[in-house]
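Start counting the sequence shown at 11; every next residue gets the next number (the numbering used here). Ideal Cβ placement from N, Cα and C applies to all residues, glycine included.
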Amino acid sequence: MIEKKDVLAALSKVRGPDLEGDLVSLGLVSDPVISGDSVMFAITVDASRAAELEPLRQAAEKAVSKLLGVGKVMAALTAEVKAGSKAAGRTQPPAGAKMDPPPPMAGQGAPGPKAQAAQTMAGVPGVKHIVAVASGKGGVGKSTTSVNLALGLQANGLKVGILDADIYGPSVPRLLGITGRPEPVAPGSRTLKPLQGFGLAAMSMGFLVEEDTPMIWRGPMVMSALQQMLREVAWGDLDVLIVDMPPGTGDAQLTLAQQTPLSGAVIVSTPQDLALIDARKGLNMFRRVDVPVLGIVENMSYFICNKCGERHEIFGHGGAAAEAEKLGLPFLGEVPLDKDLRMRSDAGQPIVVSAPDSLHAGIYRNIAAVVWSSIEGDAAGQKRSAPRIIVE
Ligand code: ADP
């Protein structure tokens, strides 16, 4: 049985970044997560020194792996961006970034303290907008929506990437039919090249760990892994980076929403009431961190029988549209339940590219167009205000 105190004792023998003190007494180590014979922890370092401190990360891993009973050790370097630091500034992208700040949200008045906190977040160089796709619970089609929304944006002429932040059950590799491991941009570099699928730049935990690796990651571990996937990947110039969020609205999701410079979020829900209650939690979560919710997608909305051609509303229908109206949010569209969509998804042939003339592909392209116009403003260059969320 591995104990936290032994892990911390081992780490207290590792010198700090400037060979002064040790990792533990300098307060740089997160609470270690122990799962079976695996140990995971994060070391907080200055973002600008991440590459230089790779040997420190390795030394920490090595120190812990020497402990009796320890199998796999995973240490991640994580950076804390301080408000007002040079790297910070959602409104002041780092050098090299071509991005404009996200449009001001008309009608929302002066930014509140939470919004100001969000503005101190460093952007991802070259990435103009980051949009989260979230759901209150798993299995509602969040990943399917993320991939097809990304491809829909691309079909509308944009440069798009997808970050699979569903660290517990990464499905983007399967949905895009991508296998392989990301390579560093240069030998010894920590920055990875994203993989490519149907023209999308893609990064997923699924590319980095074996499928049977337990994913019992919590809190800080999830965060540091995700921040690395966001910031230590050479995304290149992207108009939109879609983030397929982990399902649910727990602490990890909240922190992710808080620490990612999001232009907005899309909530996916099925028509069932229960899912809508969960979807409301999703809305509340983004509201708490002042991320504009761009709208709701109702997935598995209805079913058109391919024999009789009749429309069947299996889960009831229209719940998401009614809910969206009640909350004063745009309803982005309804995606029917469809066997062909499921089969194509499971075969790594997303419907937007494999059947571009299908009803579904059209729906996703429309959703993409609405999402783009609400984050970027319409063709006349008028910045459209993000919807104001009113949650009872
Ligand atoms: P989540 O990311 O919310 O867990 P997924 O996108 O992985 O959900 O979808 C769960 C399952 O439902 C997958 O097998 C997927 O192919 C299927 N699915 C999603 N949307 C639809 C739909 N509109 N019609 C039929 N099957 C769907």
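Counterpart residues of residue i in DSSP-defined beta bridges
| i | result |
| --- | --- |
| ASN409 | With the chain covering 11 to 402 only, the question about residue 409 has no answer from this structure. |
| ARG321 | ILE314 |
| MET84 | MET50 |
| GLY171 | ALA211 and LEU251 |
| VAL43 | MET50 |
| ILE140 | LEU251 |
| LEU202 | PRO194 and VAL243 |
| ARG25 | ASP32 |
| VAL301 | Paired residue(s): none; VAL301 is not in a bridge. |
Proximity below 8 angstroms, CB of residue i to CB of residue j
| i | j | result |
| --- | --- | --- |
| VAL141 | LEU272 | yes |
| SER384 | LEU304 | yes |
| LEU18 | VAL39 | yes |
| LEU264 | MET233 | no |
| LYS169 | ASP249 | yes |
| VAL49 | VAL80 | yes |
| ILE177 | SER156 | no |
| HIS370 | LEU351 | yes |
| LEU186 | LEU210 | yes |
| TYR420 | GLU320 | The structure shown does not extend to residue 420, since the chain is modelled only from 11 through 402, so no value can be given for it. |
| ILE306 | ILE277 | yes |
| ALA378 | LEU159 | yes |
| ALA215 | ALA196 | With the sequence shown as reference, residue 215 is identified as Met, and Ala is not the correct amino acid for it. Not closer than 8 angstroms, so no. |
| ALA20 | LEU87 | no |
| MET213 | ASP174 | yes |
| THR259 | GLY292 | yes |
| PRO204 | ALA244 | yes |
| LEU161 | PRO360 | yes |
| LYS138 | PRO257 | no |
| GLY146 | ASP288 | yes |
| PHE51 | PRO42 | yes |
| ILE12 | ILE53 | no |
Enclosing beta strand (DSSP E) for residue i [first to last residue]
| i | result |
| --- | --- |
| GLN206 | 205 to 207 |
| GLY274 | 274 to 279 |
| ILE377 | From DSSP, ILE377 is part of no beta strand (DSSP E) but of the alpha helix (DSSP H) over 369 to 386. |
| LYS152 | Counting along the chain, LYS152 falls outside any beta strand (DSSP E), though it belongs to the alpha helix (DSSP H) covering 152 to 165. |
Residue i: first and last residue of the uninterrupted alpha helix (DSSP H) it sits in
| i | result |
| --- | --- |
| VAL182 | 182 to 186 |
| ASP261 | 261 to 269 |
| ILE361 | 361 to 364 |
| LEU18 | 14 to 21 |
| SER75 | 64 to 75 |
| ALA331 | 329 to 337 |
Any non-hydrogen atom of ligand 3 within 7 angstroms of residue i CB
| i | result |
| --- | --- |
| VAL150 | Ligand 3 is not part of the structure shown, which contains ligand 1 as its ligands. |
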